[in-house]
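What follows is a short report on a single structure.
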Amino acid sequence: MPELPEVEVTRRSFAARIAGARVLDVRMGKPLRWPLGVEPTRLVGRTVTDVGRRGKYLLLRLDAGLLLIHLGMSGRLTFGQNLLPPGEHDHFEMRTTQGVLRLRDPRRFGAVVWAEGEDDGAVRKLLGGLGVEPLGPDFDPEAFWQALRHRRASIKQVLLAGDVVVGVGNIYASEALFVARIRPTVSACRLSRARVARLHAAIRTVLETALHWGGSTLRDFASAEGHSGYFQLEAKVYDRAGQPCRVCATPIRAVRQGQRSTFYCPVCQRY
DNA sequence: AGATGTCCCTGGAAGC
DNA sequence: TGCTTCCAGGGACATC
Numbered sequence: 004m005p006e007l008p009e010v011e012v013t014r015r016s017f018a019a020r021i022a023g024a025r026v027l028d029v030r031m032g033k034p035l036r037w038p039l040g041v042e043p044t045r046l047v048g049r050t051v052t053d054v055g056r057r058g059k060y061l062l063l064r065l066d067a068g069l070l071l072i073h074l075g076m077s078g079r080l081t082f083g084q085n086l087l088p089p090g091e092h093d094h095f096e097m098r099t100t101q102g103v104l105r106l107r108d109p110r111r112f113g114a115v116v117w118a119e120g121e122d123d124g125a126v127r128k129l130l131g132g133l134g135v136e137p138l139g140p141d142f143d144p145e146a147f148w149q150a151l152r153h154r155r156a157s158i159k160q161v162l163l164a165g166d167v168v169v170g171v172g173n174i175y176a177s178e179a180l181f182v183a184r185i186r187p188t189v190s191a192c193r194l195s196r197a198r199v200a201r202l203h204a205a206i207r208t209v210l211e212t213a214l215h216w217g218g219s220t221l222r223d224f225a226s227a228e229g230h231s232g233y234f235q236l237e238a239k240v241y242d243r244a245g246q247p248c249r250v251c252a253t254p255i256r257a258v259r260q261g262q263r264s265t266f267y268c269p270v271c272q273r274y
């Protein structure tokens, strides 16, 4: 589920509804990626003030302290009144006066971490090294080029690292590079200003389009192929190894970069 | 500092 | 059918 658009859609789905809610109790299931970092009962009685987002982290702010929530690979967050009893994969549950916030995460790569404030050690450790928000005002072509010009790793891996720009996961990295017509394996520092400007625009377009369509991932759409009118969000390259490029019909190629799969069109995407 | 490999965990799909 | 192997959208951490 979760790259930046999915996390942002999740945030919007409950931010207004949970604001002002008082915590009634907190229940933990199996351990997530990191311990909560606070006795769950200490959250009882606090009030949720708002829900923010930084990269793929949700920031649930309380009148004192905040919870950093990450969905990992398989996490789903729900907030509602009449939820079923917790299942075996529901590992965090916070009952409030306005509904129950529940994290279901079968793979348990996700996390819920307590921080006393915005400059807490946990916040600095998890959020301190993050790059700029791709949909925010600080993401601009010139600064992007400046940040890339000293990086010798492949552009795909630099995008995934998240220390230049956040929120671009494995699927959207392949898709954005296709839109920008850039070979994923090219070294980041070899990209010209003009090509970086194209990539900048492509990242925004890809993420904004996904956000506009409700944050459903390209993979979800691909598996739902034929069902709805959402085919404009079909992956152009992701998971399409061997299938014809939608632009030039050349078979899409798959390679591995840093233990992750990358897909590209060898004709449309140049070095 | 930056690049690279490893690991956390479960479930579904593919291969034999 | 049943077993094994591989793969999955993330990212912190150790190591070089």
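Remember, the working numbering sits 3 above the position in the first sequence when you count from 1. Ideal Cβ positions, reconstructed from N, Cα and C, are used throughout, including at glycine.
Reduced DSSP category for residue i - H, G, I as helix; E, B as strand; rest coil
i	result
Ser-231	With a pLDDT of 36 at Ser-231, under the threshold of 50, the modelled position of that residue is not reliable, and the figure given next carries that caveat. Correct three-state label for Ser-231: coil.
Ala-118	strand
Arg-259	strand
Ser-16	helix
Tyr-175	helix
Leu-151	helix
Ser-226	Residue placement at Ser-226 is poorly supported in this model, since its pLDDT is 47, which falls under 50; the coordinates are not used for a value here.
Pro-247	strand
His-92	coil
Ala-5	The question names Ala, yet the displayed sequence has Pro at residue 5. Of the three classes helix, strand and coil, the one that applies to Pro-5 here is coil, per DSSP.
Gly-78	coil
Pro-254	strand
Gly-170	coil
Leu-138	coil
Arg-127	helix
Val-29	strand
Tyr-267	strand
Leu-180	helix
Chain-order list of residues whose beta-carbon lies under 6 Å from that of residue i (same chain, five-residue window excluded)
i	result
Arg-98	Leu-27 and Asp-28
Asn-173	Arg-263
Thr-50	Arg-25 and Asp-66
Arg-279	The structure shown does not extend to residue 279, since the chain spans only 4 to 274, so no value can be given for it.
Gly-232	Only weak support is given to the placement of Gly-232: the predicted model assigns it a pLDDT of 34, under 50, and the question is left unresolved by the model.
His-230	Caution applies to His-230, whose pLDDT of 37 falls short of 50 and renders its modelled position unreliable; the value that the coordinates give is listed next. If we look at His-230 and ignore the five residues flanking it on each side, it has no Cβ neighbours.
Phe-147	Val-199 and His-203
Local Cβ density within 10 Å of residue i, reported as buried at 16 or more and exposed below that
i	result
Ala-176	buried
Ala-213	buried
Gly-78	buried
Arg-155	exposed
His-203	buried
Glu-6	buried
Gly-134	buried
Cys-268	buried
Asp-108	buried
CB of residue i within 8 Å of CB of residue j, strictly
i	j	result
Arg-45	Gln-101	no
Ala-191	Val-171	no
Ala-257	Ala-238	no
Val-115	Lys-59	no
Arg-207	Pro-254	no
Ala-200	Pro-144	yes
Phe-17	Phe-82	yes
Arg-196	Gln-272	no
Val-182	Ala-205	yes
Trp-117	Gly-68	yes
Val-168	Phe-142	yes
Close-in-space but distant-in-sequence residues of the same chain around residue i (CB under 7 Å, 5 per side omitted)
i	result
Val-189	Ser-157, Ile-158 and Tyr-274
Leu-86	Val-103 and Arg-105
Gly-217	Val-12
Met-3	Since the first and last residues shown for the chain are 4 and 274, residue 3 lies out of range.
Thr-52	Ala-22, Arg-64, Leu-65 and Asp-66
Gly-124	none
Leu-210	Leu-7, Pro-8, Pro-137, Leu-138, Gly-170 and Tyr-175
His-153	Cys-192
Sequence-distant residues of its chain with Cβ nearer than 8 Å to residue i (five each side left out)
i	result
Gln-260	Ser-157, Lys-159, Gln-160, Pro-187 and Thr-188
Arg-36	His-73, Gly-75, Arg-111, Phe-112, Gly-113 and Ala-114
The ligand NAD heavy atom lying under 7 Å from the CB of residue i
i	result
Arg-56	This structure does not include the ligand NAD; it has no bound ligands of any sort.
Those runs of the beta strand (DSSP E) which lie wholly inside the region 43-67 and span at least 3 residues: 51-57 and 60-65
Every unbroken alpha helix (DSSP H) within the region 184-220, with a cutoff of 4 residues, ordered by chain: 196-215
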